[in-house]
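Comments concern the structure below.
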Amino acid sequence: MNEPWHFYAMSVMYAFAGVMHFIKPKAYMRIMPAYLPFHKELVLISGGVEILLAIGLCFEPTRDLSLIGIIGMLVVFLLVHFYMLKGEKEGVGVPKWILILRIPLQFGLMYWAYWYL
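Take the position in the sequence shown, starting the count at 1, then add 1251; the result is the number in the working numbering.
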């Protein structure tokens, strides 16, 4: 446990986000781009991947692979963020300024993961 506290915060954050995919899958399915098939399956798979990556952060042998996986996952999730900017229906009632703010936040999360590589 010589790592900084925020490294463990990252792991908890992604584990929580992944678990929420299983607890509230409909919330995530509402924001899935229409052009992607199998919305429920993709939501559950992405939640499982988030949980696995969060666990991988906790172990030295899998840490770098998990960090790279997190960065890749966040890049893929940009599809959802940009899709939600498309219109009111796609934005599911979230104010436009929040949707716009999520884009640089996503890049900040990528940088946070990159910082540990």
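Heads up, the beta-carbon is just placed ideally off N, CA and C, and yes, glycines get one too. All values reported here derive from a predicted model rather than from experimental measurement.
Within a Cβ cutoff of 7 Å, which residues of the same chain sit near residue i, ignoring the five residues on either side of it in sequence?
{"i": "Ile1418", "result": "This structure cannot speak to residue 1418, because the chain is shown only from 1252 to 1368."}
{"i": "Tyr1334", "result": "Pro1284 and Glu1341"}
{"i": "Leu1316", "result": "Gly1307"}
{"i": "Leu1329", "result": "Gln1357"}
{"i": "Ser1297", "result": "His1272"}
{"i": "Arg1281", "result": "Val1343"}
Quick one: what's got a C-beta closer than 8 Å to residue i's C-beta in the same chain, skipping five residues either side?
{"i": "Val1326", "result": "Met1361"}
{"i": "Leu1295", "result": "His1272, Phe1273 and Pro1276"}
{"i": "Val1345", "result": "Met1335"}
{"i": "Phe1258", "result": "Leu1308 and Tyr1367"}
{"i": "Leu1293", "result": "Met1283 and Leu1287"}
{"i": "Lys1347", "result": "Leu1336"}
Who are the Cβ neighbours of residue i in its own chain at under 6 Å, not counting the five residues just before and after it?
{"i": "Leu1336", "result": "Leu1350"}
{"i": "Ala1268", "result": "Glu1301"}
Going by other Cβ atoms of all chains shown within 10 Å of its Cβ, with 16 needed for buried, is residue i buried or exposed?
{"i": "Tyr1279", "result": "buried"}
{"i": "Leu1352", "result": "exposed"}
{"i": "Met1252", "result": "A caution first: Met1252 carries a pLDDT of 47, below 50, which makes its placement in the model too unreliable to give a value."}
{"i": "Gly1359", "result": "exposed"}
{"i": "Gly1320", "result": "buried"}
Checklist entry - Quick one: complete beta strand (DSSP E) runs, 3+ long, within the region 1296–1349? => result none
Checklist entry - Taking one C-beta from the region 1296–1315 and one from the region 1260–1269 each time, how about it: are there three or more such pairs within less than 8 Å? => result yes
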